[in-house]
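Here the structure comes first, spelled out in structure tokens, and everything after it is commentary.
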Amino acid sequence: MKTINNVLLAACLALPLAACQKEEAPQQVERAAVPAPTTEDSASWRTYLQDQVPRHMEGITNQPFIYLVPGESTEDFEGNYERLLDKARLDLQRGIIRGNLLAYAGPNPARVADLVVAAFEGIPEGSMQGVRVVYLGSPAETARVEAAVAPAGVEYRFVEAK
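For the sequence shown, the positions run -21 to -1, 1 to 141 when mature numbering (1 follows the signal peptide of the UniProt record, and there is no 0) is used.
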């Protein structure tokens, strides 16, 4: 009787394991990248950023800070640019902690680079360890941007806007 009970118990315990079939993990298909807009249309640039920013979020635990510099032909460009620069400076002065991503982009890569350089002026050296900065722009401007952000200790990534 004991033997029959042990065999039945073993069968009952083994049955759920035998029923499990290892399913193949669904393969993730890499989406084609959205091309960088060739116009100053802010909706197109937002769509581009919605595609590009998630591609650089691995290891990031917080919502990204995204700074989209408007096109120069937009109404009140200088006012919008100054407000965006003030916001970028204020965000950095408050302190960006480990696990955050800062993304900078816009139709004019030189103006985007100007914004990054101006925003990072006066940021204490090594104060942003574990923060990732993504500059979506021109190869001609990347060295200038990297030189401005490197002292803060960030992880810098360049994405050519093409």
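Think of the CB as a built atom: it goes at the ideal place given N, C-alpha and C, for glycine as much as any other residue. Since the structure is predicted, the reported quantities are computational estimates derived from the model, not experimental observations.
Contact set for residue i: own chain, Cβ-Cβ below 8 Å, skip 5 residues either direction
{"i": "serine 106", "result": "Gly74, Ala131 and Gly132"}
{"i": "proline 118", "result": "Phe137 and Glu139"}
{"i": "phenylalanine 56", "result": "Pro49 and Gly50"}
{"i": "aspartate 30", "result": "Arg10, Ala12 and Val13"}
{"i": "residue 188", "result": "The requested residue 188 does not occur in the structure, where the chain is confined to residues -21 to 141."}
{"i": "lysine 66", "result": "Tyr46"}
{"i": "arginine 25", "result": "Leu47"}
Check: residue i C-beta below 7 Å from any heavy atom of the ligand NAP
{"i": "leucine 28", "result": "For the structure depicted, the ligand NAP is absent and the ligand set is empty, with no information on it obtainable."}
Check whether residue i and residue j have beta carbons under 8 Å apart
{"i": "leucine 81", "j": "valine 48", "result": "no"}
{"i": "valine 110", "j": "asparagine 79", "result": "yes"}
{"i": "leucine 71", "j": "isoleucine 45", "result": "no"}
Residue i (DSSP reduced to helix, strand or coil)
{"i": "glutamate 125", "result": "helix"}
{"i": "alanine 119", "result": "helix"}
{"i": "alanine 140", "result": "coil"}
{"i": "arginine 111", "result": "strand"}
{"i": "phenylalanine 56", "result": "helix"}
{"i": "glutamate 9", "result": "coil"}
{"i": "glutamate 61", "result": "helix"}
{"i": "alanine 82", "result": "strand"}
Selection from the options that minimises the alpha carbon distance to residue i
{"i": "arginine 34", "options": "Glu51, Thr53 and Ala12", "result": "Ala12"}
{"i": "tyrosine 83", "options": "Thr(-19), Thr121 and Ile39", "result": "Thr121"}
{"i": "proline 103", "options": "Ala92, Arg68, Tyr114 and Leu115", "result": "Arg68"}
{"i": "valine 91", "options": "Gln108, Gly116 and Glu125", "result": "Gly116"}
{"i": "threonine 53", "options": "Thr(-19), Ser21, Lys(-20) and Lys141", "result": "Ser21"}
Cutoff 6 Å; reference residue i; Cβ partners in own chain excluding five residues on either side
{"i": "serine 23", "result": "Pro16"}
{"i": "isoleucine 86", "result": "First, the residue type needs correcting, since residue 86 is proline and not isoleucine in the sequence shown. Excluding residues within five positions, the ones whose Cβ falls inside 6 Å are Glu19 and Gly50."}
{"i": "valine 128", "result": "Phe99, Val112 and Tyr135"}
{"i": "proline 43", "result": "Val32, Leu80 and Ala82"}
{"i": "valine 124", "result": "Ala92, Val95 and Tyr114"}
{"i": "asparagine 41", "result": "Gly78 and Asn79"}
Residues near residue i by beta carbon distance below 7 Å, same chain, minus five either side
{"i": "alanine 89", "result": "Glu120"}
{"i": "alanine 97", "result": "Leu64"}
{"i": "arginine 77", "result": "Gln108, Gly109 and Val110"}
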